[in-house]
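All residue numbers for the sequence shown refer to the numbering used here, where the first residue is 1 and numbers rise by one.
Just so you know, even glycine gets a beta-carbon here, dropped at the ideal spot from N, CA and C.
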Amino acid sequence: MVTGVKMCSPIMSELLLCLFLLSLDALDCKYTPRVILPATDEGYVRYEFPRPQEHIVFLHGQEDGTLYVGGQNKLFNINFKSLNQSTVIPFPLEVATGYKGRCYVTVLHRYNDSHLFVCGTDGESPQCYLMTDTWNSSEKVNPAGISPFSTTEKAPSLFVEGELYTTSRLYKEGNGKDLRRSWGVKKKVWMHDKSKKDPKYIAVTSVSRKEEPLKDKIYTFFQEKNPDTSPDADPWISRVAQVCKVDQGGSRSILHSMWTSFLKARLACGVPSENMFYNRLEEVYVLHAENWTDSRVYGVFSSAWNMTAICIYSMEEIDSVFTHSKFQGYSGVIPNPRPGTCVDNSQTLKDNVLKVAKDHPEMSDWIHPIVKAAPFMISDRRYRKIQVDRVTVPGQKPHNVLLLATESGLIHKVLEVNHSPFIIAEIHPFKSNSHIQSMILDSTTKKLYVGSHYEVVAIDLQNCEQYGDGCEQCILSRDPYCGWSNNKCTKAERGAVQHVDDGDHSQCTQIPKFEHYRSQRGNPEDQELKSIAPLSAPYFLSCSMTSHHASHSWHHNNRTIDCQFSKSDCLHLIEGMKPDLYGKYQCFAEEKGYQRLVTEYTLVPSSGTTAFSSKVQVLGSIILLVGLIL
Numbered sequence: 001m002v003t004g005v006k007m008c009s010p011i012m013s014e015l016l017l018c019l020f021l022l023s024l025d026a027l028d029c030k031y032t033p034r035v036i037l038p039a040t041d042e043g044y045v046r047y048e049f050p051r052p053q054e055h056i057v058f059l060h061g062q063e064d065g066t067l068y069v070g071g072q073n074k075l076f077n078i079n080f081k082s083l084n085q086s087t088v089i090p091f092p093l094e095v096a097t098g099y100k101g102r103c104y105v106t107v108l109h110r111y112n113d114s115h116l117f118v119c120g121t122d123g124e125s126p127q128c129y130l131m132t133d134t135w136n137s138s139e140k141v142n143p144a145g146i147s148p149f150s151t152t153e154k155a156p157s158l159f160v161e162g163e164l165y166t167t168s169r170l171y172k173e174g175n176g177k178d179l180r181r182s183w184g185v186k187k188k189v190w191m192h193d194k195s196k197k198d199p200k201y202i203a204v205t206s207v208s209r210k211e212e213p214l215k216d217k218i219y220t221f222f223q224e225k226n227p228d229t230s231p232d233a234d235p236w237i238s239r240v241a242q243v244c245k246v247d248q249g250g251s252r253s254i255l256h257s258m259w260t261s262f263l264k265a266r267l268a269c270g271v272p273s274e275n276m277f278y279n280r281l282e283e284v285y286v287l288h289a290e291n292w293t294d295s296r297v298y299g300v301f302s303s304a305w306n307m308t309a310i311c312i313y314s315m316e317e318i319d320s321v322f323t324h325s326k327f328q329g330y331s332g333v334i335p336n337p338r339p340g341t342c343v344d345n346s347q348t349l350k351d352n353v354l355k356v357a358k359d360h361p362e363m364s365d366w367i368h369p370i371v372k373a374a375p376f377m378i379s380d381r382r383y384r385k386i387q388v389d390r391v392t393v394p395g396q397k398p399h400n401v402l403l404l405a406t407e408s409g410l411i412h413k414v415l416e417v418n419h420s421p422f423i424i425a426e427i428h429p430f431k432s433n434s435h436i437q438s439m440i441l442d443s444t445t446k447k448l449y450v451g452s453h454y455e456v457v458a459i460d461l462q463n464c465e466q467y468g469d470g471c472e473q474c475i476l477s478r479d480p481y482c483g484w485s486n487n488k489c490t491k492a493e494r495g496a497v498q499h500v501d502d503g504d505h506s507q508c509t510q511i512p513k514f515e516h517y518r519s520q521r522g523n524p525e526d527q528e529l530k531s532i533a534p535l536s537a538p539y540f541l542s543c544s545m546t547s548h549h550a551s552h553s554w555h556h557n558n559r560t561i562d563c564q565f566s567k568s569d570c571l572h573l574i575e576g577m578k579p580d581l582y583g584k585y586q587c588f589a590e591e592k593g594y595q596r597l598v599t600e601y602t603l604v605p606s607s608g609t610t611a612f613s614s615k616v617q618v619l620g621s622i623i624l625l626v627g628l629i630l
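This is the structure in structure tokens:
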């Protein structure tokens, strides 16, 4: 039980954060992407919208490699295996009386093998339809409490076992924002007004128990107004709530047609020893497991001082709090069955059970991350979306990979290993700067779909050759999707060389020389460049940093020269060429004991005629020198 916790003032929080990051040595490799992967055509398939889309939502298609996208007055069925087989239809199919003409798709679910459930804003007069997935007919559905009134309202929903659970406002004026069972065969059920305080819903998920189907539950994750109104308290806190799928509401006198199993608890994410918490839940991904107790909840939290934290929770621990915690504000004897318990017929529950559920739905205990001492990851980057994949290779232990979308439109591919992050790569999905509107993972095909206003990109997470053409480079990537096999870095399968936990590349020495020669030293004949450098002229040499976890240096005449770094290059700036500065320059990268020749130049003096390329290099050197001075 947590009581009396106060937030630090913003200034004090920033100071504590700086000290905490320094104590973690947060500027070390684990918080820096190892490689930067620019937007290319290799490993990417792009679908460009006929016109920019202000708002899009994703849904997996029936077949691998297909994706439904809801946009403005349009539904797209994109086939990434054959883009010319993609189709576009208007939405809605039939224009109803009073249609406003600007209908943004906000709800997109698969109802069954043949039908989709689709809703759109229609100028803040929402419309919902049950449509065939061949898109040749539709049936109108009452949108009340199902579809948001605008695209600015975040109202997650869930279709499970033919039942639709929603969190949208019931009324345009802003009232009636509840978790409801809104549509389906079972009875409609909603929340009691006192159960929540101005909630902002983030996610809805279902957790099934194969051995105990009666205990199948729906969980919602949301922000809520903080009851603590003191100046040092964050105005928002984060919650998780449960309801039972079998819940039919209470008796006629108490909680009639309202959830009897609704309980909520606070999510803790922060550094308790420093009294520093991240209170604003922004995104959630639930990684389901075969056994529900092994399922994990990944939460992206923000703070008042513009930092982001990732906290990871056990679904078993969440259930344990709802099962065993005291009820906040209740000191009486807990009735039997315990309020919040899933029962066959909730309408027959006794009044004393229903009254506790109605008046005291909050748990006294907080729900803490698996590692309580600190978040899994803290960053000054603003992460906006998250997907998580469990990567399993035959003969290897499984690894979890987080895919985090930044506010600036980038994706960080993060390995979770021993409760610590390792940023494998920074992926640039778009060729020009764009905001990521929607992102969804296909864990079967290992494709990540990312959408902007202008396009949807399918990213192959198993595009492994981008890490280099040598065994050591492949192993150092620590990418669980990849391994060294058949003389290349490729999709990891049984027998591939991998060492995901710490990038131990010593196994590469056991591979025949011809299979990893280029990885040991590169091929100097391919990389050596001869350049003419006029005497007294400034000059610079550039060496690409393929790994930002490696230390780079220049070597000339048995002398080691430190780099002057740009964003992606190791530079050596010569302010003016002298006779003793001519000769061979080699750039080496060293990482975890593995040294690799990246490139080499041979500088020779001018014989009176300077090549055009040398003029460019000299001019570039002057510009670079001026930039460094300024």
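Extent of the continuous alpha helix (DSSP H) to which residue i belongs
| i | result |
| --- | --- |
| A357 | D351 to D359 |
| F322 | M315 to H324 |
Through-space distance from residue j to residue i, alpha-carbon basis
| i | j | result |
| --- | --- | --- |
| Q242 | K187 | 18 angstroms |
| P143 | M315 | 32 angstroms |
| Y594 | C471 | 11 angstroms |
| Y68 | K81 | 14 angstroms |
| T546 | V35 | 6 angstroms |
| Y104 | L403 | 27 angstroms |
| P90 | D122 | 13 angstroms |
| S114 | D133 | 6 angstroms |
| E455 | D228 | 44 angstroms |
| A425 | Q586 | 26 angstroms |
| H572 | S606 | 20 angstroms |
| P398 | G495 | 15 angstroms |
| K643 | I475 | Outside the shown range of the chain, which is 1 to 630, sits residue 643, and nothing can be said about it. |
| N418 | K217 | 30 angstroms |
| N352 | N279 | 33 angstroms |
| G550 | L59 | The amino acid occupying residue 550 in the given sequence is Ala; Gly does not appear at that position. Cα-Cα distance, rounded: 40 angstroms. |
| L448 | P579 | 54 angstroms |
| V271 | P33 | 24 angstroms |
| R521 | E48 | With a pLDDT of only 44 at R521, under the threshold of 50, the placement of this residue in the model should not be trusted, and no figure is reported. |
| S257 | D247 | 9 angstroms |
| E54 | G451 | 11 angstroms |
| G584 | N557 | Residue identity differs from the one stated: residue 584 is Lys in this sequence, not Gly. Answer to the nearest angstrom: the Cα atoms are 8 angstroms apart. |
| K177 | S195 | 11 angstroms |
Option in the options with minimal Cα separation from residue i
| i | options | result |
| --- | --- | --- |
| L267 | E426, I367, K413 and I511 | I367 |
| Q473 | Q498, P272 and I459 | Q498 |
| L535 | C508, C543, Q510 and G576 | G576 |
| E173 | L130, E124 and S551 | E124 |
| Y599 | C543, V391, L349 and A537 | Note on identity: in this sequence residue 599 is Thr, with Tyr being the wrong assignment. Of the listed residues, the one whose Cα sits closest to T599 is C543. |
| P512 | L214, V417, I370 and S485 | S485 |
| R559 | L581, Y539 and F565 | L581 |
| R102 | F149, L603 and I237 | F149 |
Residue interval of the beta strand (DSSP E) (run including residue i)
| i | result |
| --- | --- |
| I475 | Where I475 is concerned, there is no enclosing beta strand (DSSP E), although the alpha helix (DSSP H) it sits in stretches over C471 to L476. |
| T560 | R559 to D562 |
| I146 | Here I146 belongs to no beta strand (DSSP E), and DSSP marks it neither H nor E. |
| C587 | G583 to E591 |
| G636 | Outside the shown range of the chain, which is 1 to 630, sits residue 636, and nothing can be said about it. |
| S544 | Y539 to S544 |
| V243 | W236 to C244 |
| N400 | H399 to T406 |
| T599 | Y594 to V604 |
| K225 | K217 to K225 |
| E211 | Careful: E211 lies outside any beta strand (DSSP E) and carries neither H nor E. |
| Q387 | Y383 to V391 |
| G503 | No beta strand (DSSP E) contains G503, which DSSP labels as neither H nor E. |
| L37 | V35 to L37 |
| H115 | H115 to G120 |
7 angstroms Cβ cutoff met for residue i and residue j
| i | j | result |
| --- | --- | --- |
| H360 | G340 | no |
| I411 | I427 | yes |
| V118 | Y111 | no |
| P92 | Q62 | no |
| K197 | K225 | yes |
| H435 | P52 | no |
| C269 | C311 | yes |
| H192 | K358 | yes |
Cβ contact (3+ pairs, closer than 8 angstroms) linking the stretch 215-232 and the stretch 278-291: Put simply, the stretch 215-232 touches the stretch 278-291. At least three CB pairs are less than 8 angstroms apart.
Segment contact, 8 angstroms Cβ cut-off, at least three pairs: the stretch 160-170 with the stretch 130-140: No contact exists between the stretch 160-170 and the stretch 130-140.
Meets three-Cβ-pair contact criterion under 8 angstroms: the stretch 379-390 and the stretch 297-307: Yes, since at least three Cβ pairs between the stretch 379-390 and the stretch 297-307 fall closer than 8 angstroms, the two stretches touch.
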